[in-house]
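Every position in the sequence shown, counted from 1, becomes a number in the working numbering once 1437 is added. Just so you know, even glycine gets a beta-carbon here, dropped at the ideal spot from N, CA and C. Below is one structure; the comments refer to it alone.
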Amino acid sequence: MSTMLQEKFAKGLEDVIAGTTTICSINPENEALIYRGYGAVELSEKAIFEEVIHLLIEGKLPKKRELKRVSRLLVQERKVSKDLIKVLRKIPSTASPMDVLRTSVSFMGTLDENRAFTIEETKQIAYSIIAKLPLALMSWYHLSRNKEVPKVNKKLTFGGRFLQLVTNKEPEAFEERVINASLILYAEHELNASTFCARVTASTLSDIYSAITSGIGTLKGSLHGGANEAAMELILKFSSPDDAERGIMDMLNRKEKIMGFGHRVYKKKDGRSDVMKKHSLQLAEKLGQKKLFDIAEKIEHIVKEKKGLFPNADFYSAVAYYLLNIPIPLYTPIFVLSRTAGWSAHIIEQLSDNRLIRPRAIYEGPPQRDVPAIERR
Ligand SMILES: CC(C)(COP(=O)(O)OP(=O)(O)OC[C@H]1O[C@@H](n2cnc3c(N)ncnc32)[C@H](O)[C@@H]1OP(=O)(O)O)[C@@H](O)C(=O)NCCC(=O)NCCS
């Protein structure tokens, strides 16, 4: 048995097939990211995030009236309960916003009296969680800093409302377009670590609250969603492109990882990065903050030249968020607001044809032995 297990083993499960899906694929020819047959990059140019939520959860792009329904639902369901606000008020301003989101979803689960959910009920909870997360996060953020939670213009899109919740100012159309594109590009990515975790949790017939809580905890790490914040902290260390060149060379010589670069699946490029690079350049030019973009681009060139690595979705998303005036600790949470749509689609897909996910491990410890008496250990 152990030889068979050895043959199937790959550290980090690299290239291991762990399931089938109709939600997302990566085109092997050009490494393009595809949601239910549609290119994510094209969706980011032609659709709003609400359409992509519908595409992922319902399996098809919405017609006009369906889009109206889902958009209305997300507005109606956005309010969070007084009980959740009480919990959020207890969390200090110094907490990790990712922990706040994880706690919020977990607490939402405690308020649901239902114990066993049908797939249809799971779907409705998914919409409700997606709708509530921005207000839960930003209520904690502002209240813990003794500020009022901004009122939002309900006519804005999901992304626009989120920006207004952050900055307390109605966003310009171009700003809304950037956050919308980012939400779409982050929404889904096959069996990445957090989605895998969410599916494993769902496969035990636990509920969607627990599965999304697992996903958030997994996304938090700097090798996954946390990379966008780490990338921004890095970019801000440098005062000029030349300074960045020196600093990055030093890091590479010390064999340090450059956050926001590389990918487990993509080998040539991450198409999402091009879109976010274009948006961050446009923002930088509009706002007269070209130096920041130039530093980022210099880092891109050096890492490419010296390591052959390309920026992933996180690198230029970070630059765009910075230019949109979003505080850095909220970058990974934006990933959660978006990826909850993908997690939900996977949880529903898992439940629709479920089998417990339970892999094996190769044992490398001592052989079986007798338990010695305590005085002889
Ligand atoms: C994404 C990531 C975790 C993929 O990891 P992986 O498939 O396990 O790849 P590895 O970490 O084994 O890296 C393979 C090689 O590339 C190097 N490498 C990979 N990403 C690197 C990076 N961002 N900076 C510098 N070197 C990197 C590794 O050091 C390793 O080199 P070696 O073979 O000389 O030891 C990895 O690229 C990474 O840590 N990137 C930075 C974090 C990040 O941006 N995460 C967001 C992903 S969307």
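Should residue i and residue j be called a contact, given that it needs their Cβ atoms to be closer than 8 Å?
| i | j | result |
| --- | --- | --- |
| Ile1853 | Ser1576 | Here the chain covers residues 1438 to 1814 and nothing more, so residue 1853 does not appear. |
| Ala1778 | Ile1494 | yes |
| Leu1574 | Pro1534 | yes |
| Arg1776 | Tyr1623 | yes |
| Gly1596 | Phe1675 | no |
| Met1669 | Tyr1753 | no |
| Thr1769 | Gly1663 | yes |
| Val1507 | Ile1490 | yes |
| Lys1744 | Leu1689 | yes |
| Ile1695 | Val1740 | yes |
| Leu1600 | Pro1608 | yes |
| Leu1498 | Asp1520 | no |
| Val1603 | His1716 | no |
| Leu1628 | Gly1456 | yes |
| Leu1511 | Ala1568 | yes |
| Arg1795 | Leu1442 | no |
| Glu1625 | Ala1721 | no |
| Val1702 | Ile1460 | no |
Can you grab the Cα-Cα spacing for the pair residue i / residue j, in whole Å?
| i | j | result |
| --- | --- | --- |
| Phe1554 | Asp1644 | 7 Å |
| Ala1477 | Ala1618 | 9 Å |
| Val1537 | Pro1804 | 44 Å |
| Glu1693 | Ala1755 | 20 Å |
| Glu1514 | Gly1684 | 47 Å |
| Glu1666 | Trp1780 | 21 Å |
| Gly1697 | Leu1746 | 10 Å |
| Arg1509 | Leu1570 | 16 Å |
| Thr1458 | Lys1728 | 43 Å |
| Glu1612 | Leu1761 | 7 Å |
| Pro1766 | Ser1541 | 17 Å |
| Ala1469 | Pro1748 | 15 Å |
| Leu1504 | Lys1483 | 14 Å |
| Lys1714 | Asp1731 | 11 Å |
| Arg1709 | Leu1480 | 11 Å |
| Leu1450 | Gln1719 | 38 Å |
| Ile1763 | Asn1551 | 37 Å |
| Lys1591 | Asn1791 | 38 Å |
| Ser1789 | Arg1636 | 12 Å |
| Lys1723 | Ala1757 | 12 Å |
| Ile1771 | Tyr1800 | 39 Å |
| Val1808 | Gly1802 | 15 Å |
| Val1773 | Glu1742 | 32 Å |
| His1579 | Ile1811 | 55 Å |
| Glu1558 | Lys1500 | 22 Å |
| Asp1711 | Ile1562 | 34 Å |
| Ser1640 | Tyr1475 | 27 Å |
| Gln1726 | Thr1440 | 58 Å |
| Arg1539 | Cys1634 | 14 Å |
| Lys1448 | Arg1814 | 33 Å |
Could you check if residue i belongs to the surroundings of ligand 2, using beta carbon to heavy atom distance under 7 Å?
| i | result |
| --- | --- |
| Ile1672 | The model on display carries ligand 1 but not ligand 2. |
Find the nearest neighbour of residue i within the set the options, judged by alpha-carbon distance.
| i | options | result |
| --- | --- | --- |
| Gln1787 | Lys1560, Leu1572 and Ser1676 | Lys1560 |
| Ala1630 | Ser1659, Val1615, Pro1499 and Leu1767 | Ser1659 |
| Asp1751 | Thr1457, Thr1641, Pro1465 and Leu1656 | Leu1656 |
| Glu1466 | Lys1505, Lys1704 and Ile1771 | Lys1704 |
| His1661 | Thr1632, Leu1673 and Leu1671 | Thr1632 |
| Ile1566 | Arg1582, Val1586 and Phe1544 | Phe1544 |
| Pro1678 | Ala1635, Glu1625, Lys1715 and His1738 | His1738 |
| Ile1471 | Arg1797, Phe1772, Ile1621 and Cys1634 | Ile1621 |
| Leu1815 | Leu1492, Ala1782, Leu1572 and Gly1496 | Outside the displayed range of the chain (1438 to 1814) lies residue 1815, so it cannot be described from this structure. |
| Arg1502 | Gly1496, Leu1774 and Glu1488 | Glu1488 |
| Val1453 | Glu1444, Gly1725 and Arg1539 | Glu1444 |
| Met1686 | Cys1634, Ser1462 and Ile1736 | Ile1736 |
| Leu1593 | Lys1606, Arg1691 and Ile1811 | Lys1606 |
| Lys1527 | Gly1474, Ile1562, Gly1546 and Asn1583 | Asn1583 |
Can you list, in chain order, the residues of its chain whose CB lies under 6 Å from that of residue i, leaving out five sequence neighbours each side?
| i | result |
| --- | --- |
| Arg1598 | Val1589 |
| Ser1581 | Ser1530 |
| Ala1733 | Ile1672 and Val1756 |
Once the 5 residues before and after residue i are set aside, which same chain residues still bring their CB inside 7 Å of it?
| i | result |
| --- | --- |
| Thr1638 | Ser1647, Ala1648 and Ser1651 |
| His1700 | Asp1707 and Asn1749 |
| Phe1446 | Ile1799 |
| Gly1546 | Asp1644, Tyr1646 and Ser1647 |
Excluding five sequence neighbours on each side, which residues of the same chain lie with their C-beta closer than 8 Å to the C-beta of residue i?
| i | result |
| --- | --- |
| His1556 | Checking the displayed sequence, the identity of residue 1556 turns out to be Ile instead of His. If we look at Ile1556 and ignore the five residues flanking it on each side, its Cβ neighbours are Ile1785, Leu1788 and Ser1789. |
| Glu1585 | His1579 |
| Arg1473 | Thr1459, Ile1460, Cys1461, Leu1492, Leu1493, Gly1496 and Lys1497 |
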